[in-house]
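Numbering of the sequence shown is given in the working numbering, commencing with residue 37 and proceeding in unit increments. Even for Gly, the Cβ is constructed at its ideal location relative to N, Cα and C. Note that this is a predicted model, so its numbers are computed, not measured.
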Amino acid sequence: MLLQISPSLRHVTVLPGKGLKEFIKVKVASRRLSYRMLFYSLLFFTFLLRFVFVLKAVDNIDRENKCSSIGCLGKKLRPKILGRSLESNVPEVIYGILDQPLGKDELEQRTDIPQTLEEFMVQIKEGGYDAKTFAIKLREMVTLMEQRTREAKVQEYLYRHVASSSIPKQLHCLGLKLANEHTNNAAARLQLPSAELVPALVDNNYFHFVLASDNVLAASMVATSLVRNSLRPQKVVLHIITDRKTHYPMQAWFSLHPLSPAIIEVKALHHFDWFTKGKVPVLEAMEKDQNVISQFRGGSSAIVANTTEKPRVIAAKLQALSPKYNSVMNHIRIHLPELFSSLNKVVFLDDDIVVQTDLSPLWDIDMNGKVNGAVETCNGEDQYVMSKRLKSYLNFSHPLISQNFDPNECAWAYGMNIFDLDAWRKTNISSTYHYWVEQNIKSDLGLWQLGTLPPWLIAFHGHVHTIDPFWHMLGLGYQESTSFADAKSAGVIHFNGRAKPWLDIAFPHLRPLWTKYIDFSDYFIKSCHIKAL
């Protein structure tokens, strides 16, 4: 075969070697492009030859010296370039020792394990250990430190659980003093609201907010921050739902601390006609739930004793055991359409939130036929707080969950929600909620651990309208790294988590966002020694 290249480099002709007449003509690029390609090709091969020469030189140097700068880097990264393998200087025996698991029992009653890095270095220098002994000592020390760190973390979560589940003596004092005031002072027994304002309770021209709480101080902070930041406080109606034991203290507080021109209603559950008629599904579910909780994996002691689970998993289980999650105040929210049968839209507020802006624009949001306006919790800069999907709450190893839901579907936040009650009444959300609570109890809490958010996520599945994250900032009760500036810039901040702002375990740099609404000169606040800390 003959190859002919034209002088212009524009054609290449291939002629058969056996005298055939046919030929193949291949048209190539223009002369300028061909010269450029030829130039870069020569440049590339020149560089490649130089690179091979450098690698060869490094090999020669490494044979004479233990380690060169390039060689050391290569051995750490263990690359293979042009078939050349750069092996690590770390003896394989060290890898072998460190890969072997070390049980907790093997370290008990041991007094020869270094407690600090300084002790470890002293032993290494004085003992003259070989590589194997070095690896054994290192593994023992690191394993011991890991075990102690884990135990300390678990104990911290247990103490936080105990602290967050108890009632501080200051709040207990406040409730007692207000109950006594209700008995002895007629001014503390005022009808809330007054008779002339009662029609506003069912007037949909007002901005209606609902707060369910048995914590007087927390409820007063939500109410005060809501009214103080409202541009039209005369249009604000706050419906406070509480239980029987807290009703008198709550009534006494808001009778003696009016928030005019806003309208405040204080009502106990037994005052609702709907709640007192026949069987209430939520109370039946709570009773069954309580029976399961009493035997739930042995309670907090058994949860803490589990040495195989990560501390954060243990923390989540401990938080699920909080009395709040079995409180009627937490469950009754699923019946808002029945409790407020005359209203068509409400904004629900949790008692551990602080309002920092006017919330009236929430009524202008088009819900597109959805029931629940909420902030999604799977997108955001804080990956610890804003990374929650359904798989974070539901057990997708159970067929009932895996067959009905997508584990990667975004979850949503509870605590500041817009509820279109008219749209809600057209759905089966409430019955769906009770069905799944019943299924979870029948499966021995196999669908999710404890708490009311998982069944809410299920019941409102497909009924959620996403709103701007500005309206609800989460995590101030468990994310210590949240900055004061970021929290201050949010419309509503939520102290969800164990570090509630009324507890001593609250994060000091975030607590002022809550305490700014407390009047520390108030008689009841001073007499119960409630301080800013």
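- When DSSP reads this structure, F455 sits in a beta bridge with V382 and N408.
- Within the same chain, Cβ atoms closer than 6 Å to the Cβ of I130 are found at A167 and A171, the five residues on either side in sequence being excluded.
- In the displayed model, R268 falls within coil according to three-state DSSP, outside both helix and strand.
- Where T219 is concerned, the enclosing alpha helix (DSSP H) starts and stops at K205 to N220.
- For F520, the enclosing alpha helix (DSSP H) covers residues F520 to K524.
- If you draw a straight line from the Cα of D394 to the Cα of S266, it comes to about 4 Å.
- Looking at the DSSP output, C446 shares a beta bridge with R425.
- Y471 and D442 have their C-alpha atoms some 19 Å from each other.
- F560: not part of any beta strand (DSSP E); member of the alpha helix (DSSP H) spanning Y559 to S563, first to last residue.
- Residue state for T343 is assigned as coil, using DSSP reduced to three classes.
- Taken through DSSP and simplified to helix, strand or coil, I172 comes out as helix.
- Residue environment for G132: exposed (fewer than 16 other C-beta atoms within 10 angstroms of its C-beta).
- I389 carries a strand assignment under DSSP once its states are collapsed to helix, strand and coil.
- The criterion of a C-beta distance shorter than 8 Å is not satisfied by W538 and A223.
- The beta-carbon distance between N408 and F455, rounded to whole angstroms, is 6 Å. This is short enough to meet the 8 Å contact definition.
- Here G211 is actually not in contact with T152; their C-beta atoms are around 49 Å apart, not less than 8 Å.
- Here the C-alpha atom of D504 lies approximately 12 Å from the C-alpha atom of A449.
- By the Cβ rule, the region 398-418 counts as touching the region 495-512, because three or more pairs are nearer than 8 Å.
- Under a 10 Å Cβ-count criterion, H275 is classified as buried, with 16 or more other Cβ atoms of the shown protein chains found around its own Cβ.
- Contact between F290 and I300 holds, with the beta-carbon distance rounding to 5 Å and staying under 8 Å.
- Per DSSP, A495 is one residue of the alpha helix (DSSP H) stretching across L489 to A495.
- Looking at G513, I554 and S438, the one whose alpha-carbon comes closest to that of H545 is G513.
- Membership of V129 in the alpha helix (DSSP H) is indicated by the continuous run E128 to D135.
- Counted as a single uninterrupted DSSP element, the alpha helix (DSSP H) harbouring L153 occupies residues L153 to G163.
- Rounded to whole angstroms, the Cβ separation of F556 and A568 is 7 Å, and the two are in contact under 8 Å.
- Within 10 angstroms of the beta-carbon of F245 lie 16 or more other beta-carbons, which makes it buried.
- By the criterion of at least three beta-carbon pairs nearer than 8 Å, the region 482-498 is not in contact with the region 379-390.
- The residues F441, D442, P443, E445, A447 and L493, in chain order, have a CB closer than 7 Å to that of L426 in the same chain once the five nearest residues on each side in sequence are set aside.
- By the neighbour-count criterion, in which 16 or more other beta carbons inside 10 Å mark a residue as buried, S256 falls on the buried side.
- Around the beta-carbon of N464, fewer than 16 other beta-carbon atoms lie within 10 Å, marking it exposed.
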